[in-house]
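Here's the structure, in structure tokens; my notes come after.
Residue numbers (this note's numbering): 7 to 125.
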């Protein structure tokens with residue numbers, strides 16, 4: 007029997023990013039996967055999305071880096087006030103360099119977003 011090799015959609019998405027954006031996206035992806043082990047990962051709406059009882063978070067290429075966003079971001083506590091939203095966009099954090107990534111804070115936001123979907 008022949009085995010069928012499938013490529014993860016997010017891997018394909020990452021391959022199409024510039025090397026600088028790939029570095030940022032890979033780190034955000036690592037944090038998401040390390041924060042909650044059971045998220046479904048796929049590409050929807052032209053961005054890498056994560057689901058658990060509905061959409062949780064995403065990352066997408068932007069002009070100057072990537073956006074790390076949350077579908078229910080307006081409901082998150084966001085104590086550092088890093089989530090921004092305008093023109094009807096989902097609340098997101100703009101990431102332009104590796105220094106913009108805060109592993110602990112991002113992980114807390116992902117876990118809180120998952121809890122919102124569970125309730």
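For each residue, glycine too, the CB sits at the ideal point set by N, CA and C.
Values in this document were obtained by computation on a predicted structure and should not be read as measured data.
Residue i versus the options, residue with shortest Cα-Cα distance
i: residue 77; options: 70, 86, 28, 57; result: 57
i: residue 123; options: 18, 108, 73, 59; result: 59
i: residue 65; options: 81, 118, 97, 85; result: 97
i: residue 34; options: 86, 87, 73; result: 73
i: residue 99; options: 29, 67, 125; result: 67
i: residue 120; options: 87, 27, 38; result: 38
Three-state secondary structure (DSSP) of residue i
i: residue 25; result: helix
i: residue 59; result: coil
i: residue 40; result: helix
i: residue 69; result: coil
Straight-line gap, residue i to residue j (C-alpha atoms, nearest Å)
i: residue 93; j: residue 113; result: 26 Å
i: residue 82; j: residue 118; result: 7 Å
i: residue 19; j: residue 115; result: 23 Å
i: residue 70; j: residue 102; result: 6 Å
i: residue 22; j: residue 80; result: 30 Å
i: residue 53; j: residue 125; result: 25 Å
Of all the beta strand (DSSP E) runs that stay within the bounds of the stretch 79–124, which reach a length of 3 or more residues? Runs of the beta strand (DSSP E) spanning 3 or more residues and lying entirely within the stretch 79–124 occur at 98–101, in chain order.
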